[in-house]
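Enquirer: Take this structure first; my questions come after.
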Amino acid sequence: MKVRSSVFASFILILEGIGVALFLRGFFPVPLKSSISSKNKLSDLPVEPLTGSSPNSSRLPQPLFKRVVIMLVDALREDFVFGPNGRMYMPYTRHLVERGSSYSFVAKARPPTVTMPRIKALTTGTIPGFIDVVMNLNSPALLEDNLIWQAKAAGKRMVFYGDDTWVRLFPKHFMEHDGTTSFFVSDYTEVDNNVTRHLDSTLKRDDWDILILHYLGLDHIGHISGPHSSLIQPKLMEMDDILKKIHSALISKEAEGSLPYLLVLCGDHGMSETGSHGGSSEPEINTPLVLLSPAFKRK
Ligand SMILES: [Zn+2]
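Residue numbers (the numbering used here): 779 to 1077.
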């Protein structure tokens, strides 16, 4: 009887060991080593679905836009733009969503809804791992194939202002950058002013193709006082004004016969009812994605 129970106990122990190993393997997936050194080349491009040209075509598809501005507002929740308060919080954006030449979507952020894994997901198209949460504060350069690397390889000149996580992930990709740290969570003013102060001069210049802005103030307000705080509305109105400034500058730069601009407003993740993020609740994963361009049909 004694022997039997010890055999049973060791069987259970081994089973537990296998279970723990299986859990860890799933929770912290091993990065795909093969994709690290190999970035996709032109010959790997799939066939354009409409043109029906032969595969592995050596010609790049024609560009659709002349310049792209990506305005990422950290923790921008879907209802801050599309919800009933959106008209009050972001009137200009909301007007463009409803009446302008725009396309808008609710983008679902895959958990973990934390900034660094989300930037990785947005630029690589891969699902972030939970190990990335641990790496959030100490992010090394991104070696996987990604949009920023491809844009640089295609000769696009990129400018970045905002959360310095981007500068750490893409250390040599931007021709000009000014990173702000997300470390001082109590500051929600200077962290954004440091981005906005560049806009007037940069928007007038013609020496860049892609401008990326990452605003952190809204996320910090969420962490300090939650999504229903009185600080939310002024911050969103500030973001709305900035979008208006960028949009007007892009319109004034439009030249006859040249390709149109594209302005993208998005969030990296949402904000829970307590103002935090990281989990998989609806307000944390639902973010707005608004695309503005004269190339789109007016509503
Ligand atoms: Zn974030």
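Here a beta-carbon is modelled for each residue, glycine too, at the ideal position from N, C-alpha and C. Here the structure is a predicted model, which means the values were calculated and not measured.
#1: Around the C-beta of F883, are 16 or more other C-beta atoms found within 10 angstroms, so that it is buried, or is it exposed?
#2: Using C-beta distances below 6 Å, list every residue in its chain close to K1077, excluding the 5 sequence neighbours before and after it, in chain order.
#3: Measure how close the beta-carbons of A853 and M1049 come, nearest whole angstrom, since I'm counting them as under 8 Å.
#4: Look up I814 in the DSSP assignment and say whether it is helix, strand or coil.
#5: So what does DSSP say about E954, is it helix, strand or coil?
#6: Looking at ligand 1, does it come within less than 7 Å of R946, judged from the CB to the closest heavy atom?
#7: Residues bridged to K886 by DSSP?
#8: Can the beta-carbon of V892 be found less than 8 Å from the beta-carbon of H1006?
#9: Closer than 6 Å is what we want: which residues have a beta carbon that near any heavy atom of ligand 3? List them in chain order.
#10: Any contact between the segment 1027–1035 and the segment 1007–1015? By contact I mean 3 or more CB pairs, one from each, below 8 Å.
#11: Under the three-state reduction of DSSP, which class applies to H998: helix, strand or coil?
#12: Do you know how far the Cα of L1041 is from the Cα of F938?
#13: Can you look up Y870 in the DSSP assignment and give me helix, strand or coil?
#14: Check for me: the beta strand (DSSP E) holding V1042 runs from which residue to which?
#15: Counting only the same chain and skipping the five closest in sequence on each side, list residues whose C-beta sits under 7 Å from that of D984.
#16: How would you call N818, buried or exposed, if buried means at least 16 neighbouring beta carbons within 10 angstroms?
#17: Report yes if the C-beta distance between R865 and R855 is below 8 Å; otherwise report no.
Expert: According to the data block:
#1: Position 105 of the sequence shown, counted from the start, is the residue given in the question as residue 883. Result: exposed.
#2: Sequence index remark: in the sequence shown, residue 1077 carries index 299 (1-based). Closer than 6 Å at Cβ, skipping near neighbours: R877.
#3: Numbered from its first residue, the sequence shown carries residue 853 at position 75. Numbered from its first residue, the sequence shown carries residue 1049 at position 271. The C-beta distance from A853 to M1049 rounds to 5 Å, short enough to meet the 8 Å contact threshold.
#4: In the sequence shown, the residue the question calls residue 814 occupies position 36. Here the model assigns I814 a pLDDT of 47, short of 50, so the residue's position is not dependable, and the following value carries that caveat. Shown here, I814 sits in a helix according to DSSP, grouped into three states.
#5: Translated into the one-based positions of the sequence shown, residue 954 becomes position 176. Note: E954 maps to strand in three-state DSSP.
#6: Sequence index remark: in the sequence shown, residue 946 carries index 168 (1-based). Because no heavy atom of ligand 1 lies under 7 Å away, the Cβ of R946 does not count as near it: no.
#7: Working through the sequence shown from its first residue, we reach residue 886 at position 108. Paired residue(s): N1064.
#8: If you number the sequence shown from 1, residue 892 lands on position 114. If you number the sequence shown from 1, residue 1006 lands on position 228. Note that the C-beta distance between V892 and H1006 is not below 8 Å.
#9: Of the ligands one can find in the structure shown, namely ligand 1, none is ligand 3.
#10: No: fewer than three Cβ pairs fall under 8 Å.
#11: Stepping through the sequence shown from its first residue, residue 998 is reached at position 220. Per DSSP, reduced to three states, the secondary structure at H998 is helical.
#12: If you number the sequence shown from 1, residue 938 lands on position 160. If you number the sequence shown from 1, residue 1041 lands on position 263. Each residue's Cα considered, the two are about 15 Å apart.
#13: The sequence position of residue 870 within the sequence shown is 92, counting from 1. Here Y870 carries a helix assignment [DSSP, helix/strand/coil].
#14: Along the sequence shown, one-based indexing puts residue 1042 at 264. V1042 -> beta strand (DSSP E) spans L1040 to C1044.
#15: Locating residue 984 in the sequence shown gives position 206, counting from the first residue. Excluding its 5 nearest sequence neighbours in each direction, D984 has no C-beta neighbour in its own chain below 7 Å.
#16: For this step, residue 818 is matched to residue 40 along the sequence shown. By the 10 Å Cβ count, N818 comes out exposed.
#17: By 1-based counting over the sequence shown, the position of residue 865 is 87. By 1-based counting over the sequence shown, the position of residue 855 is 77. No; because the gap between Cβ atoms is not below 8 Å, this pair is not in contact.
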